[in-house]
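Sequential numbering from 239 applies to the sequence shown in the working numbering. The beta carbon of each residue, even a glycine, is placed where N, CA and C say it ideally should be.
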Amino acid sequence: MLLTIGDAAKVSGLSAKMIRHYEQSGLLRKTSRTDAGYRLYNSEQINQLRFIRQARNLGFSLQDIQSLLALWHNPERESRAVKQLAEQHLAEIAEKIAELQHMQQVLTTLADSCRGDGSPQCHILQQLARPQ
Numbered sequence: 239m240l241l242t243i244g245d246a247a248k249v250s251g252l253s254a255k256m257i258r259h260y261e262q263s264g265l266l267r268k269t270s271r272t273d274a275g276y277r278l279y280n281s282e283q284i285n286q287l288r289f290i291r292q293a294r295n296l297g298f299s300l301q302d303i304q305s306l307l308a309l310w311h312n313p314e315r316e317s318r319a320v321k322q323l324a325e326q327h328l329a330e331i332a333e334k335i336a337e338l339q340h341m342q343q344v345l346t347t348l349a350d351s352c353r354g355d356g357s358p359q360c361h362i363l364q365q366l367a368r369p370q
């Protein structure tokens, strides 16, 4: 069964624009086209689009998704390579969480230091303007 890009978008959960982007970036191989130029997607490509959507939802980069796709299609793969990619991504997420928590702490301290009244004095602005 072949699906048009609109139908492929519906069943994969991606927009047609993102499907075209993934095709142009090489994550998805070029599709066959009708005589009128409409893209047609087969079930393998639909599964690949779903895979890409899931990986993007987990925050994997396009480069990581390319690696994951290559591993997925390689029956000789070693699971350690997949796990290594996942653990590397987990470490990046942990680092981002730590950065966000630090930002939260600093902003909480700044917000607590501001009276928030009708006065023009604001400790938040003073701290932001302070040279580091």
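Taking M239 as the centre and dropping the five residues before and after it, the same chain places the C-beta of S281 closer than 7 Å to its C-beta, in chain order. By the C-beta density criterion, Y279 is buried, having at least 16 other C-beta atoms within 10 angstroms. As far as DSSP is concerned, R267 takes part in no beta bridge. Under the criterion of beta carbons closer than 8 Å, H259 and F298 do not qualify as touching, at roughly 15 Å.
Under DSSP, R277 takes part in a beta bridge, and its partners are R271. The Cβ neighbour count for I335, taken over all protein chains shown within 10 Å, is under 16; the residue is labelled exposed. Counting other Cβ atoms within 10 Å of its Cβ, S250 reaches 16 or more and is therefore classed as buried. P369 has its alpha-carbon roughly 18 Å from the corresponding atom of T347. Between D355 and L309, the alpha-carbon positions lie close to 58 Å from each other. In chain order, A254 place their CB closer than 7 Å to the CB of G244, counting only its own chain and leaving out the 5 sequence neighbours on each side.
Closest in C-alpha terms to N285, from the list A367, L252, P358 and A349, comes L252. Check the Cα spacing between A246 and each of R315, T269, G264 and Q339: the tightest is with T269. The Cβ atoms of L307 and L265 sit closer than 8 Å to each other.
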